[in-house]
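Visitor: Numbering (the numbering used here), first residue to last: 751 to 861. Glycine included, every Cβ here is placed at the ideal spot set by N, Cα and C.
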């Protein structure tokens, strides 16, 4: 039991240290706060978006491809952005735009 608790504590401390050290953590984990960190390590076709739908930890993700879900708020925020994204996907990639197919859906598709 002590071994499990020690491993869990070590894992948590490592995660906390990596997430606080910005771009140094990028190489290992992909953890980020703003788009410029992702662009530095992954290239222009990436952004920093929430890891999941609960808007938690930011991670580097690729820009949206044709046919992938998108949300207009991300498109209006622009890329690169120095503000934390409110959606778990990146904006649509170059030459694409977020198009709502139905008014009652909270998302559209990159077309």
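(1) State the Cα-Cα distance for the pair residue 794 and residue 829, rounded to the nearest angstrom.
(2) Given residue 842, which residues of its chain have a CB within under 6 Å of its CB, disregarding the five upstream and five downstream residues?
(3) Please list, in chain order, all residues of the same chain as residue 857 whose beta carbon is under 6 Å from its beta carbon, the five residues on each side excluded.
(4) Which residue comes first and which comes last in the beta strand (DSSP E) that contains residue 811?
(5) Mind checking residue 811: buried by the 16 CB within 10 Å criterion, or exposed?
Guide: Looking at the coordinates:
(1) The residue you call residue 794 lines up with position 44 of the chain shown. The residue you call residue 829 lines up with position 79 of the chain shown. Distance between the alpha carbons of residue 794 and residue 829 is about 9 Å.
(2) Locating residue 842 in the chain shown gives position 92, counting from the first residue. Cβ within range, chain order: 814, 820, 848, 860.
(3) Locating residue 857 in the chain shown gives position 107, where the first residue counts as 1. The answer, listed in chain order, is 819, 821.
(4) Residue mapping note: residue 811 aligns to position 61 of the chain shown, counting from 1. Counting along the chain, the beta strand (DSSP E) containing residue 811 begins and ends at 808 to 812.
(5) Residue numbering aside, residue 811 sits at position 61 when the chain shown is read from its first letter. Result: buried.
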